[in-house]
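K.L.:
This structure is in structure tokens; I'll ask about it shortly.
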DNA sequence: ACCTGAACACCGTTCAAGT
DNA sequence: ACCTGAACACCGTTCAAGT
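Chains as they are written, first to last, in this note's numbering: chain A, 53 to 264; chain B, 53 to 264.
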């Protein structure tokens, strides 16, 4: 993520070495700094030290640059989830770890998280750039892997058929994603650190809000 | 500049009758039409038939107009939830009905829903305009009411103390809100209508993903 | 192929002035 | 108190031209 140093050292030729990369890096920084992606494309170009429409050689529209930023975010999110599961075998604990990583990512990168799931990436015709579409599926796939394995090993009360697993994945993702969103949006005014809240939600989710 | 011939022979007076209301109405329509709130304040003014900076007499910034739009949305959401519960007494069914209303609102007004929970309403100093802050608490309060009553009546396995109920409310809200967001964002590619998905999630949530 | 500079049609916001 | 018009400093995007 920090490959900006070597670029600055070299005297800039007419053709930027890797402008595409530099633009994405600048945009990622701007999202983090301003907690927002309302910055102008011209500002991104300024940061990269190029003219205000050099970006158009690499991204047809501002939206496409944002999609590339989102893709970086999805990679980081997926990597974080996978790393959090390392060495854990028990189904529910793997799930809890992944949930913690998910919410941790969201609270650490609130604006990026919102951008990743926002509508800004959709084009006018409703389609999403491939980059973001594909990248977005990855976090879900990690959850799917956990649920599938849990179902097969009997850790969860989920049938092994595809539809049941898909529904269980959606339910699980909803709970985690909703919590992350509410925290990021400042709508969770309960006391307690994110970790505690994740624990609480996963507890309710795994045990159910049923009467015993 | 184009002082149009008054169609209905009603000469528009220098002072608009209720410009504030007209601006909010125009903005609500624009959010629905464009599925987006990137429209300009000038466009809103045009729709209301006033000069491009008449709005500043009623809203210090564009953001404040959007906050008023969000507040309208929160009222509608709350009303929908309350109406859906009408006549139902059994705890879990009340909860399911409210969840359906919540997701129904989101899928019927995707852009408005996103605006309501988005960061666009927060002012630069991080505070949210009172309008949206207060309105946003209402949907949550409806859920709190359901959970509280369910806890007292023993419908849910939730302790009656304040902290337990607060946590249960957050868990429930997370599951419903997350599902709504994922559907609205087009990230739920499971087959099935929203209603079926809500049912599935509530089922998992109430029964728990535990091994029986 | 990649980048620049001028140009176009917009914005949000401010300000002095009108009613 | 509420509204207007001109003005300012911006945008995103297009285009012809440079390397």
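We put the beta carbon where it would ideally sit given N, CA and C, even for glycine. As the structure is a prediction and not an experimental result, all values here were calculated from the model.
1) If the cut is a Cβ gap below 7 Å, which residues of chain A does residue 263 (chain B) touch?
2) Is there a Cβ of chain A sitting closer than 7 Å to that of residue 230 (chain B), yes or no?
3) At 3 residues or longer, what runs of the beta strand (DSSP E) sit wholly inside the stretch 152–240 of chain A?
4) Could you say which of A:209, A:77, A:158 lies nearest to residue 258 (chain A) if we only look at CA atoms?
5) Within the 7 Å Cβ cut-off, does residue 213 (chain A) reach chain B?
6) Any beta-carbon of chain B closer than 7 Å to the one on residue 200 (chain A)?
7) Between the alpha carbons of residue 120 (chain B) and residue 145 (chain A), how many angstroms are there, rounded?
8) Leaving out five residues on either side along the sequence, give the residues of the same chain with a beta carbon under 8 Å from the beta carbon of residue 220 (chain B).
9) Could you compute how far the alpha carbon of residue 214 (chain B) sits from the alpha carbon of residue 205 (chain B)?
10) So which of B:93, B:194, B:75 has the shortest CA-CA distance to residue 143 (chain B)?
11) Distance cutoff 7 Å, beta carbons only. Does residue 222 (chain A) sit that close to anything in chain B?
12) Would you report the Cα separation of residue 239 (chain B) and residue 188 (chain A), rounded to the nearest angstrom?
13) Does residue 109 (chain B) pass the burial test, meaning 16 or more other C-beta atoms within 10 Å, or should it be called exposed?
14) Determine the extent of the alpha helix (DSSP H) in which residue 253 (chain A) is found, giving its start and end residues.
15) Give a yes or no on whether 7 Å exceeds the smallest Cβ distance from residue 256 (chain B) to chain A.
16) Using the C-alpha atoms, what's the distance from residue 233 (chain A) back to residue 166 (chain A)?
17) Answer yes if the stretch 178–187 of chain B comes into contact with the stretch 88–105 of chain B, meaning at least three C-beta pairs across the two stretches below 8 Å, and no otherwise.
18) Report buried or exposed for residue 94 (chain A), applying the criterion of at least 16 other Cβ atoms within 10 angstroms of its Cβ.
19) Mind pulling the chain A residues with CB within less than 8 Å of residue 259 (chain B)?
20) Scan the stretch 125–137 of chain B for residues whose Cβ lies nearer than 9 Å to a Cβ of chain A and list them as they occur along the chain.
P.N.:
In short:
1) Contacts between residue 263 (chain B) and chain A, judged by CB atoms closer than 7 Å, involve 206, 207, 208, 209 in chain order.
2) Nearest CB-CB separation between residue 230 (chain B) and chain A: below the 7 Å threshold.
3) Qualifying beta strand (DSSP E) stretches: none in this window.
4) With distances taken between Cα atoms, residue 258 (chain A) lies closest to A:209.
5) Taking Cβ atoms only, chain B never reaches closer than 7 Å to residue 213 (chain A), which makes this a no.
6) With 7 Å as the cut-off, residue 200 (chain A) does not count as an interface residue toward chain B.
7) About 43 Å.
8) Counting only Cβ-Cβ distances below 8 Å, and skipping sequence neighbours, we find 199, 203, 208, 210.
9) Whole-angstrom Cα-Cα distance: 15 Å.
10) If we check each option's Cα against that of residue 143 (chain B), B:194 comes out closest.
11) Any Cβ of chain B closer than 7 Å to the Cβ of residue 222 (chain A) would place that residue at the interface, and such an atom is present.
12) Taking the Cα positions, residue 239 (chain B) is about 8 Å away from residue 188 (chain A).
13) Around the C-beta of residue 109 (chain B), fewer than 16 other C-beta atoms lie within 10 Å, and the residue is accordingly described as exposed.
14) For residue 253 (chain A), the uninterrupted alpha helix (DSSP H) run begins and ends at 246–259, by DSSP.
15) For residue 256 (chain B), the answer is yes, since a Cβ of chain A falls inside 7 Å of its Cβ.
16) One C-alpha to the other measures close to 8 Å.
17) Judged by Cβ distances under 8 Å, the stretch 88–105 of chain B makes no contact with the stretch 178–187 of chain B, as fewer than three pairs qualify.
18) Per the 10 Å Cβ criterion, exposed.
19) Those are 209, 260, 262, listed as they occur along chain A.
20) Answer in chain order: no residues at all.
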